[in-house]
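Enquirer: A single structure is presented below for examination.
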């Protein structure tokens, strides 16, 4: 059974930085595509960033140049470094891991950016 445990959310002022971490259990981490999604109140859950097992990355246009996704297969952990945060980045952030045919979600971590 795969479990994803997130940490690192919180309250930060606009222009500040936060780093989210997501630690995974199980043996399929290094073979998986990993990502971060976010969901603001009243809105759908959208992809923020993703990284493949081959380390290719993809970002939502709204976070390009500000957020960086990375992975450490030795630690079974994926990170999201968030810089130059804006109030519109406020949301619950979810860690995601995909290894066909299944995918898995973290519990969510609140990020609040004050203006």
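Residue numbers (the numbering used here): 12 to 126. C-beta atoms are modelled at their ideal positions from N, C-alpha and C, and glycine is treated no differently. Given the structure is predicted, the values throughout are model-derived calculations rather than measurements.
Starting from residue 23, follow the beta strand (DSSP E) in both directions and report where the run begins and ends.
Expert: Residue 23 -> beta strand (DSSP E) spans 21-24.
Enquirer: Beta carbon of residue 82, beta carbon of residue 31: below 9 Å?
Expert: The Cβ atoms of residue 82 and residue 31 do not sit closer than 9 Å to each other.
Enquirer: Which runs of the beta strand (DSSP E) spanning at least 3 residues fall entirely within the stretch 42-102, listed in chain order?
Expert: 44-50, 57-62, 68-70, 78-83, 88-93
Enquirer: Going by Cα to Cα distance, which pick from 112, 123, 106 is closest to residue 59?
Expert: 106
Enquirer: Should residue 16 and residue 33 be called a contact, given that it needs their Cβ atoms to be closer than 9 Å?
Expert: yes
Enquirer: Measure the C-alpha to C-alpha separation of residue 92 and residue 79 and round it to an integer number of angstroms.
Expert: If you take the alpha carbons of residue 92 and residue 79, they lie about 5 Å apart.
Enquirer: Where do the N-terminal and C-terminal ends of the beta strand (DSSP E) with residue 111 fall, by residue?
Expert: Premise fails: residue 111 is in no beta strand (DSSP E) and is neither H nor E.
Enquirer: Residue 36 to residue 117, Cα distance in whole Å?
Expert: 11 Å
Enquirer: What does DSSP give as the partner residues of residue 121 in its beta bridges?
Expert: 103
Enquirer: Looking at residue 104: is its Cβ nearer than 9 Å to the Cβ of residue 124?
Expert: no
Enquirer: What are the boundary residues of the beta strand (DSSP E) that residue 16 is part of?
Expert: 15-18
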